[in-house]
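So the sequences go chain by chain: L and A.
Take the first sequence: its letters are residues 36 to 481, numbered as in this note's numbering.
Take the second sequence: its letters are residues 8 to 191, numbered as in this note's numbering.
In this text, a Cβ means the ideal position worked out from N, Cα and C, and glycines have one as well.
Here the structure is a predicted model, which means the values were calculated and not measured.
Let me begin by presenting the structure, written as structure tokens, before commenting on it.
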Amino acid sequence: MKKERSQKPEVRSQKKKFKNILFMVRPVFCALYSVFCILYSVFCIPSSVSAKVYIDITSPAVKKLPIAVSEFVGTSGRELSDIIMDDLDFTGIFLCLDRNAFLEAPAQPFNPKNWTVLGAEAVVKGTVIGAKNLAATVSLYDALEGREIFRKEYQTEASLLRPLAHTIANDIYRQMTGESGIFRTRVAYVSRKGGEDNLYLADWDGHRPINLGIKGNVILSPHWSKDGSRLLYSAERNRQWGIYLLDFKKMSETRVFSSKGTNMAGDFFPDADEFVFSSSMNGNQDLYTYRISASKLNRLTSSRSIEVSPALSPDSAHIVFVSDRGGTPQIFIMGRDGNDVRRLTFNGPYNTSPSWSPGGDRIVFSGRHGGKNQIFTISPDGSGIAQLTDRGNNEDPSFSPDGRYIVFSSDRDGEKAVYIMRANGEAQKRITPKGLRVFGPRWAPN
Amino acid sequence: MKRFLVLAAILGLTVFGCAERKAVMPTPQPQEMQQPQIKAPDESKKAQEKITEQQIAKVESKDVPSQFQEISGTFKDIYFDYDQYDIRDDAKQTLKAVADHLRKNTAQKVLVEGHCDERGTSEYNLGLGDRRARAAKDFLVSLGVPSSRIDTISYGKEKPLCSEHTEECWAKNRRGHFVILKGK
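In structure tokens:
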């Protein structure tokens with residue numbers, strides 16, 4: 036074609052030539068595109084069928100999805116299905132229907148008519164067999180369409196019944212929302228007893244607490260690495276404030292920083308080698324970063340005021356912290372190099388303990404209101420402040436890895452305990468037992 | 008012209024074809040791509056998972072033994088006003104006694120603990136306690152005690168003496184406490 040055209044002595048404008056080339060090339064591109072389209076549709080349509088999103092949790096006004104979690108068949112069936120129901124219920128995006136109203140017995144096959152009359156849109160049924168080793172089969176049905184949308188088999192040992200239930204709940208959550216659930220995540224916190232502090236790790240719902248064996252005269256709220264394999268915390272031992280690292284892969288503790296003065300660990304940077312912290316090593320409480328592998332210290336602030344509680348934005352470009360440079364402790368934001376400092380909080384005489392949401396859109400903190408410390412959230416631009424608690428003193432707030440929940444400590448029921456709630460303040464629930472004095476909780480990323 | 012028409016027809020068809028498919032297809036979520044075990048319901052193959060968990064062995068915190076013998080209770084505590092770290096007049100007598108003691112016992116050091124009341128949060132109170140301990144240290148230095156013989160530590164609100172939620176109790180907790188350090 037090219038040859039034929041070049042033989043013609045016609046004079047064409049540059050524009051026309053370009054247009055012609057375009058015309059010649061376009062079908063090639065388009066042909067390639069259509070091949071791609073066909074391949075795409077062949078390979079992607081099957082997954083897109085199961086990827087129907089039943090609840091769009093990103094929508095501001097989510098209508099609760101009515102779900103029926105039938106009691107599972109088998110000896111531990113009731114316990115298993117109860118945990119799944121508790122998990123789904125806490126999210127606030129499901130309406131878990133009352134089992135007493137169910138028409139279909141657990142062992143009966145799924146019949147959509149038994150459920151649509153109850154208003155159920157999704158139905159979970161399952162069986163679990165075994166005593167020492169458990170094998171569970173779980174089905175999730177779309178009651179309106181009358182079809183099974185998900186089925187999976189699970190195996191585990193009896194001691195992992197709760198993780199099994201949480202895994203099933205995660206799968207149901209993903210099927211319904213398209214997002215990852217947090218039901219297998221855990222929370223680390225500090226327990227205080229007889230003048231000694233200990234680090235604990237428990238499931239997100241407070242069950243299965245483990246004393247990690249880490250001791251200190253005082254231990255402060257720990258900080259997780261992004262992959263959940265490292266925990267950074269400050270402890271006072273033998274009259275010295277050191278910063279320690281617990282490596283879950285090696286199950287060993289190392290002191291990564293110590294000096295004279297008060298050293299308080301802040302968040303890890305994403306590589307889990309560098310962290311931000313506050314220290315009075317140079318006289319005044321200021322903010323620093325420290326790179327463990329290179330033993331490299333970098334000073335971020337040099338002021339005559341108290342600077343504490345540094346926390347990183349999820350993109351690690353900004354640090355939110357507490358300073359009393361204006362006379363009272365307030366929350367400030369600066370760049371990760373210590374520049375561009377601006378004040379975030381102006382309401383109330385005492386605002387501390389900031390922590391960033393994983394999406395970067397909210398900062399949670401503890402602020403004094405009516406003589407007590409309450410949990411608030413605010414946008415990083417200072418707008419949209421919301422008070423989430425109103426009973427007792429509430430401190431140490433931090434977000435769950437999906438940003439949908441907040442964990443904090445409170446003395447509302449007497450002794451200090453760990454509580455969780457939805458990020459809008461709903462469903463406040465104590466997760467640590469009576470008689471255990473605990474504080475400083477941090478939600479693990481996984 | 009004829010060639011152009013054919014070309015246009017091919018082009019039109021392909022573009023139309025592409026556009027149509029594009030409209031029908033929902034954008035797949037990245038999460039679904041990472042979850043190959045979730046299969047379409049009509050497939051006979053079932054998804055399977057074995058649930059395991061890392062066994063967490065207990066970690067022993069290594070204790071570094073102190074090189075000093077500690078003597079507490081030799082001196083009275085000094086007190087501070089709410090959210091303040093200035094040395095009050097009623098604290099000066101105790102500080103002078105500490106300075107005298109250190110002058111007489113040249114082998115000894117003093118550790119000043121800074122404490123706060125329960126109001127406020129842990130980390131800010133640790134910063135405030137640190138300042139209170141350092142204010143006491145600065146005062147001792149002004150009385151002629153070498154700064155190398157004064158250590159400070161902050162306990163913030165973590166080690167209260169009095170646990171009631173009253174102003175009387177809080178006032179007792181906003182304190183500087185002195186511990187004599189003797190070489191072992």
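Please list, in chain order, all residues of the same chain as residue i whose beta carbon is under 6 Å from its beta carbon, the five residues on each side excluded.
| i | result |
| --- | --- |
| residue 257 of chain L | 223, 266, 268 and 477 |
| residue 460 of chain L | 423 |
| residue 468 of chain L | none |
| residue 147 of chain L | 178 and 181 |
| residue 447 of chain L | 426 and 427 |
| residue 164 of chain A | 123, 125 and 132 |
| residue 334 of chain L | 323 |
| residue 470 of chain L | none |
If residue i sits next to residue j, beta carbons under 8 Å apart, how far is it from one beta carbon to the other, in whole angstroms?
| i | j | result |
| --- | --- | --- |
| residue 232 of chain L | residue 253 of chain L | 6 Å |
| residue 201 of chain A | residue 109 of chain A | Because chain A spans 8 through 191 in this model, residue 201 of chain A falls outside it and cannot be assessed. |
| residue 183 of chain L | residue 100 of chain L | 17 Å between Cβ atoms; not a contact. |
| residue 141 of chain L | residue 160 of chain L | 7 Å |
| residue 88 of chain L | residue 213 of chain L | 5 Å |
| residue 263 of chain L | residue 432 of chain L | The Cβ separation is near 19 Å, so there is no contact. |
| residue 120 of chain L | residue 104 of chain L | 4 Å |
| residue 121 of chain A | residue 161 of chain A | 5 Å |
| residue 410 of chain L | residue 429 of chain L | 5 Å |
| residue 130 of chain A | residue 316 of chain L | About 16 Å separates the two Cβ atoms, so there is no contact after all. |
| residue 111 of chain L | residue 169 of chain L | 7 Å |
| residue 57 of chain A | residue 190 of chain L | 5 Å |
| residue 244 of chain L | residue 219 of chain L | Incorrect: roughly 16 Å between the Cβ atoms, too far for contact. |
| residue 287 of chain L | residue 277 of chain L | Incorrect: roughly 15 Å between the Cβ atoms, too far for contact. |
| residue 379 of chain L | residue 354 of chain L | Contact doesn't hold; Cβ gap of about 12 Å is too wide. |
Under 7 Å Cβ to Cβ from residue i, same chain only, skipping five residues before and after it: list those, please.
| i | result |
| --- | --- |
| residue 228 of chain L | 472 |
| residue 340 of chain L | 358, 359 and 360 |
| residue 385 of chain L | 363, 364, 402 and 403 |
| residue 109 of chain L | 162, 163 and 164 |
| residue 308 of chain L | 326, 327 and 328 |
| residue 147 of chain A | 102, 105, 106 and 157 |
| residue 84 of chain A | 182, 183 and 184 |
| residue 457 of chain L | 127, 439 and 440 |
| residue 248 of chain L | none |
| residue 336 of chain L | 321, 322, 342 and 373 |
Out of the options, point me to the one whose CA is closest to residue i's CA.
| i | options | result |
| --- | --- | --- |
| residue 74 of chain A | A/59, A/115 and A/85 | A/115 |
| residue 338 of chain L | L/330, L/208 and L/313 | L/313 |
| residue 175 of chain A | A/88, A/163, A/150 and A/127 | A/88 |
| residue 482 of chain L | L/382, L/397, L/328 and L/318 | The requested residue 482 of chain L is not part of the displayed model; chain L covers only 36 to 481. |
| residue 259 of chain L | L/294, L/311, L/243 and L/250 | L/311 |
| residue 125 of chain L | L/251, L/465 and L/89 | L/465 |
| residue 171 of chain A | L/354, L/449, L/174 and L/456 | L/449 |
| residue 497 of chain L | A/63, A/86, A/151 and A/69 | Here chain L has residues from 36 to 481 only, and residue 497 of chain L is not among them. |
| residue 201 of chain L | L/281, L/332 and L/118 | L/118 |
| residue 349 of chain L | L/392, L/323 and L/381 | L/392 |
| residue 54 of chain A | L/306, L/171, L/344 and L/389 | L/171 |
| residue 306 of chain L | L/261, L/292 and L/280 | L/261 |
| residue 112 of chain A | A/128, A/152 and A/98 | A/152 |
| residue 141 of chain A | A/129, A/130 and A/154 | A/154 |
| residue 177 of chain A | A/61, A/127, A/65 and A/69 | A/127 |
| residue 301 of chain L | L/351, L/319, L/275 and L/288 | L/351 |
| residue 179 of chain A | A/86, A/71 and A/60 | A/86 |
| residue 437 of chain L | L/394, L/207 and L/226 | L/394 |
| residue 134 of chain L | L/144, L/113 and L/122 | L/113 |
| residue 435 of chain L | L/291, L/399, L/242 and L/387 | L/399 |
Could you tell me whether any Cβ in chain B is nearer than 7 Å to the Cβ of residue i?
| i | result |
| --- | --- |
| residue 174 of chain A | In the structure shown, chain B cannot be found, because the protein chains are L and A. |
Might you give, ordered along the chain, the residues of its own chain that have their beta carbon closer than 8 Å to the beta carbon of residue i, omitting 5 neighbours on each side?
| i | result |
| --- | --- |
| residue 154 of chain L | 101 and 132 |
| residue 235 of chain L | 223, 224, 225, 226, 244, 245, 246, 247 and 473 |
| residue 304 of chain L | 310, 311, 324, 347 and 351 |
When you check each C-beta in the stretch 144-157 of chain A against every C-beta of chain L, which residues fall closer than 9 Å?
none
Pairs of beta-carbons, one from the stretch 168-187 of chain A and one from the stretch 79-86 of chain A, closer than 8 Å: are there three or more?
yes
Short of 7 Å Cβ to Cβ, which residues in the stretch 81-108 of chain A face chain L?
none
Residues, ordered as in the chain, of the stretch 284-305 of chain L that lie near chain A by beta-carbon distance below 7 Å
286, 287, 288, 296, 297 and 299
Is it a yes or a no for the stretch 129-142 of chain A touching the stretch 88-105 of chain A, going by three-plus beta-carbon pairs under 8 Å?
yes
Pull out every residue of the stretch 65-77 of chain A whose Cβ sits closer than 8 Å to any Cβ of chain L, in chain order.
65, 66, 67, 68, 69, 70, 71, 72 and 73
Mind listing which residues of the stretch 157-171 of chain A have their C-beta closer than 9 Å to chain L's C-betas, in chain order?
Result list: 158, 159, 160, 161, 162, 163, 165 and 166.
Which residues, taken in chain order from the stretch 355-369 of chain L, show a beta carbon closer than 8 Å to some beta carbon of chain A?
357, 359, 363 and 364
Beta carbons nearer than 7 Å to chain A: which residues of the stretch 137-165 of chain L have them?
none
Contact set between the stretch 309-322 of chain L and chain A, restricted to residues whose Cβ is under 9 Å from the partner:
Of all residues in the stretch 309-322 of chain L, 313, 315, 318, 319 and 320 have a Cβ within less than 9 Å of some Cβ in chain A.
Note down, in chain order, all residues in the stretch 249-261 of chain L with a beta-carbon under 9 Å from any beta-carbon belonging to chain A.
249, 250, 251, 252, 253, 255 and 256
Of all the residues that make up the stretch 174-193 of chain L, which are near chain A by a beta-carbon distance shorter than 8 Å?
Close to chain A, meaning a Cβ-Cβ distance shorter than 8 Å, are the following residues of the stretch 174-193 of chain L: 182, 183, 184, 185, 186, 187, 188, 189, 190 and 191.
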